[in-house]
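Using the UniProt record's numbering, the letters of the sequence shown correspond one by one to residues 1 to 410.
Here the structure comes first, spelled out in structure tokens, and everything after it is commentary.
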Amino acid sequence: MAIKELLTDLACKNAVVNGKKILKLHDGQGLYLWIYEDGRKYWRLRYKIHGKEKSLSLGVYPVVGLKQARQLAQAERIKLSSNIDPSIDRQINKQKAKEATTNSFEAVAREWYTKQTHTWVPSHSKDVLRRLEGNVFPYIGLYPISQIDAPQLLNMIRIIEHRGSYDLAHRVLGMCGQVFRYGVATGRCSRDPTADLRGALTPHKKKNQAAVKPEELPNLLRAIATYEKIGDKQTQLALQLLALTFVRTNELIRALWAEFDLNNALWIVPSERMKMRNEHVVPLTRQALSILTELKTIAGDSRYLLPGRNPNKPISNNTLLFALYRLGYKGKMTGHGFRAVASTALNESGLFSPDAIERQLAHGEKNEVRGAYNRAEYLPERKRIMTWWSDHLEAIEKGADVIPLFGKSI
């Protein structure tokens, strides 16, 4: 015999406490509507399991109407028929949902990102986060990291490739691989599925920064020496200093006068401005010190080595690149190209150890043990490197042979 349902929609709507602190209206089979003095109404299911009476909240009226409340109550009774306690089952599901949120790909990726940022320069940190937020999180960010498989990753990568961004696709997949490996290390997933996509991505040709050939370097130096005729003196000196020091363009542009120890002929670039986040020492040669003297006159009271129109800010990132364009070297030379030219010349000279050259180039050390960076490592030899390079540039600008290799000229 069916149990009579006591409540109606109208009764639920019009129910008031009538002076009581709480009124409990029974709908049958343990379903109640609780009404409080302030007018709030809640559905609750009373039940008995293992000899103990318990109750479970089923929602707020009228958001949960009478019909829906009965359906929810019936679903919980089905659990009871299988000897499942609805209250405990709900707690378990809440914990699973919490874990799913904590262990989502986005949550793990942001945790990994936070762990890594102190090792990156700000510009690289911004690039990583922008790529994750724009290319990854919208597609797999909400999924538990342990449930993401290779086909799902490939679908995400295909979206990037469809835009023709093949290099970005490889970079994004590489970042995802680092996140998955962090997830494995922290117990959130069991493996890195990016390895399964090896060979599945569209190949891309890595673009090297444009750099002149050794035999073209003298003409470039002579062109820079005349830049004042078509541009400004500060930019000319900056290009010459970039050639002499072969630092990264951003490291030069954002340089502060406080970083220069002119008495000891050293430029100490702080770790926060270096790509590899290690403090870097640049020995200053006679030629570099001469340029710095001229730049100081131009900079005046600005704290920046190369102040822009606003002396409280440095020149823009593109100033030196556009200067090379004006000299006719668009597509032929970039600020970064001086690093490539110097690296080639120094290594082919046979005069210096590869390790000392790499340290002066401030390249990252792949061997983590050797990577414990000592800013003064190989410093005596690095001073000889910088002196040789400065003298070499000075000589070839004046018309000497390009690069003497083991007693021969090329």
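Don't be surprised by glycine CBs; every beta carbon is placed ideally from N, CA and C.
Look at the alpha carbon of residue 298 and the alpha carbon of residue 387, and state the distance between them as a whole number of angstroms. Within the sequence shown, the letter at position 298 stands for residue 298. Within the sequence shown, the letter at position 387 stands for residue 387. Their Cα atoms are separated by approximately 25 Å.
Counting only runs of 4+ residues fully inside the stretch 264-319, write out the alpha helix (DSSP H) ranges in chain order. Every unbroken stretch of the alpha helix (DSSP H) spanning 4 or more residues and falling wholly within the stretch 264-319 is given here in chain order: 286-299.
How would you write the range of the alpha helix (DSSP H) that residue 248 sits in, first residue to last? Looking up residue 248 in the sequence shown gives position 248. It is not in any alpha helix (DSSP H) - residue 248 carries neither H nor E in the DSSP assignment.
Going by DSSP, what residue range makes up the beta strand (DSSP E) through residue 33? Walking along the sequence shown from the start, residue 33 turns up at place 33. Start and end: 31-36.
Any contact between the stretch 347-363 and the stretch 252-267? By contact I mean 3 or more CB pairs, one from each, below 8 Å. With fewer than three CB-CB distances shorter than 8 Å, the stretch 347-363 does not count as touching the stretch 252-267.
When you compare the stretch 215-224 with the stretch 176-188, are there three or more beta-carbon pairs, one atom per stretch, that lie closer than 8 Å? Not touching, per the Cβ criterion.
By a C-beta neighbour count over all protein chains shown, 10 Å radius and 16 as the cutoff for buried, is residue 335 buried or exposed? Locating residue 335 in the sequence shown gives position 335, where the first residue counts as 1. It is buried - the Cβ of residue 335 has at least 16 other Cβ atoms within 10 Å.
Within its chain, find whatever has a CB closer than 6 Å to the CB of residue 171; leave out the 5 residues flanking it on each side and keep chain order. Position 171 of the sequence shown holds residue 171. For residue 171, there are no CB contacts under 6 Å within the same chain when 5 residues up- and downstream are skipped.
Let me check understanding here. Comparing Cα to Cα, which of 289, 167, 251 lies closest to residue 272? Position 272 of the sequence shown, counting from 1, holds the residue named residue 272. When only C-alpha atoms are compared, the closest one is 251.
Could you check what DSSP says for residue 352 in three-state terms: helix, strand or coil? Mapped onto the sequence shown, residue 352 falls at position 352. If DSSP states are grouped into helix, strand and coil, residue 352 belongs with coil.
Residue 370, DSSP secondary structure in three states: As a position in the sequence shown, residue 370 is number 370, starting the count at 1. Legend: pLDDT at residue 370 = 41, less than 50; position of this residue unreliable, no value from coordinates given.
Out of 94, 121, 290, 142, point me to the one whose CA is closest to residue 106's CA. Numbered from 1 along the sequence shown, position 106 holds the residue referred to as residue 106. With distances taken between Cα atoms, residue 106 lies closest to 142.
If we call anything under 8 Å between Cβ atoms a contact, is residue 319 one with residue 282? If you number the sequence shown from 1, residue 319 lands on position 319. If you number the sequence shown from 1, residue 282 lands on position 282. One thing to note: residue 319 has its Cβ no nearer than 8 Å to the Cβ of residue 282.
Can you round the beta-carbon distance between residue 265 and residue 289 to whole angstroms, since I take them to be within the 8 Å contact cut? Numbered from 1 along the sequence shown, position 265 holds the residue referred to as residue 265. Numbered from 1 along the sequence shown, position 289 holds the residue referred to as residue 289. The beta carbons of residue 265 and residue 289 sit about 6 Å from each other, so the pair counts as a contact at 8 Å.
Roughly how many whole angstroms lie between the Cα atoms of residue 34 and residue 104? Taking the first residue of the sequence shown as position 1, residue 34 is located at position 34. Taking the first residue of the sequence shown as position 1, residue 104 is located at position 104. In a straight line, the C-alpha of residue 34 is about 37 Å away from that of residue 104.
Cα separation between residue 373 and residue 159? Taking the sequence shown and counting its residues from 1, one reaches residue 373 at position 373. Taking the sequence shown and counting its residues from 1, one reaches residue 159 at position 159. Caution is warranted here: a pLDDT of 49 is assigned to residue 373, below 50, making its placement in the model unreliable, and the coordinate value is therefore given only provisionally. The alpha-carbon atoms of residue 373 and residue 159 are separated by roughly 40 Å.
Taking C-alpha atoms, which residue in 322, 255, 312, 328 lies nearest to residue 414? Because the chain in this structure spans residues 1 to 410, residue 414 falls outside the shown range and cannot be described.
Give me the residue from 389, 220, 315 with the minimum Cα distance to residue 330. Counting from one through the sequence shown, the residue named residue 330 turns up at place 330. Answer by Cα proximity: 220.
Answer with buried or exposed for residue 12, where buried requires no fewer than 16 other C-beta atoms within 10 angstroms of its C-beta. Translated into the one-based positions of the sequence shown, residue 12 becomes position 12. Classified as buried, residue 12 has 16 or more neighbouring CB atoms from the shown chains inside 10 Å of its CB.
Which class does residue 58 belong to by DSSP, given the choice of helix, strand or coil? For the purposes of this step, residue 58 is taken as residue 58 along the sequence shown, with counting starting at 1. The answer is strand: DSSP assigns residue 58 an E or B state.
Can you give the beta carbon distance from residue 315 to residue 253, rounded, assuming they're within the 8 Å contact cut? The residue given as residue 315 occupies position 315 in the sequence shown. The residue given as residue 253 occupies position 253 in the sequence shown. Confirmed, about 6 Å.
Whether or not the stretch 18-37 and the stretch 63-73 are in contact is what I'm after, with contact meaning three or more pairs of Cβ atoms, one per stretch, closer than 8 Å; do they touch? The answer is yes - the stretch 18-37 touches the stretch 63-73, with three or more Cβ pairs under 8 Å.
Which term fits residue 285, buried or exposed, when burial requires 16 or more other beta carbons within 10 angstroms of its beta carbon? Here residue 285 refers to the residue found at position 285 of the sequence shown. It is buried - the Cβ of residue 285 has at least 16 other Cβ atoms within 10 Å.
Taking all protein chains shown into account, decide if residue 278 is buried (16 or more other Cβ within 10 angstroms of its Cβ) or exposed. What you label residue 278 is simply residue 278 of the sequence shown in a count that begins at 1. By the Cβ-count criterion, residue 278 is buried, with 16 or more other Cβ atoms from all chains shown falling within 10 Å of its own Cβ.
Proximity below 8 Å, CB of residue 323 to CB of residue 166: As a working mapping, residue 323 is identified with position 323 in the sequence shown. As a working mapping, residue 166 is identified with position 166 in the sequence shown. No, the pair does not count as a contact, with Cβ atoms beyond the cut-off.
When you compare each of 38, 345, 130, 337 to residue 242 by their alpha carbons, which one comes out closest? The count along the sequence shown starts at 1 and reaches residue 242 at position 242. Considering only alpha carbons, the answer is 337.
In chain order, what residues of the same chain lie with their CB nearer than 8 Å to the CB of residue 60, ignoring the 5 residues before and after it? Taking the sequence shown and counting its residues from 1, the one referred to as residue 60 is at position 60. Result list for residue 60: 40, 41, 42, 43, in chain order.
Is the distance from the Cβ of residue 129 to the Cβ of residue 173 below 8 Å? For the purposes of this step, residue 129 is taken as residue 129 along the sequence shown, with counting starting at 1. For the purposes of this step, residue 173 is taken as residue 173 along the sequence shown, with counting starting at 1. No.
Go ahead and pull the three-state DSSP assignment for residue 104. One-based indexing of the sequence shown puts residue 104 at position 104. Looking at residue 104 - three-state DSSP - the assignment turns out to be strand.
Are the beta-carbon atoms belonging to residue 175 and residue 131 less than 8 Å from one another? By 1-based counting over the sequence shown, the position of residue 175 is 175. By 1-based counting over the sequence shown, the position of residue 131 is 131. Yes, these two residues count as a Cβ contact at 8 Å.
How about residue 9 and residue 66: are their beta carbons less than 8 Å apart? Your numbering for residue 9 matches position 9 in the sequence shown. Your numbering for residue 66 matches position 66 in the sequence shown. Closer than 8 Å, so yes.
Hey, how far is the Cα of residue 47 from the Cα of residue 144? Against the sequence shown, residue 47 aligns to sequence position 47. Against the sequence shown, residue 144 aligns to sequence position 144. C-alpha separation (whole angstroms): 34 Å.
Quick check on DSSP: helix, strand or coil for residue 53? For the purposes of this step, residue 53 is taken as residue 53 along the sequence shown, with counting starting at 1. In the structure shown, residue 53 sits in a strand (DSSP, three-state: E or B).
What is the DSSP secondary structure of residue 89, reduced to helix, strand or coil? Here residue 89 refers to the residue found at position 89 when the sequence shown is read from its first residue. Correct three-state label for residue 89: helix.
Residues that DSSP places opposite residue 411 in a beta bridge: With the chain running from 1 to 410 in the structure shown, residue 411 is simply not present.
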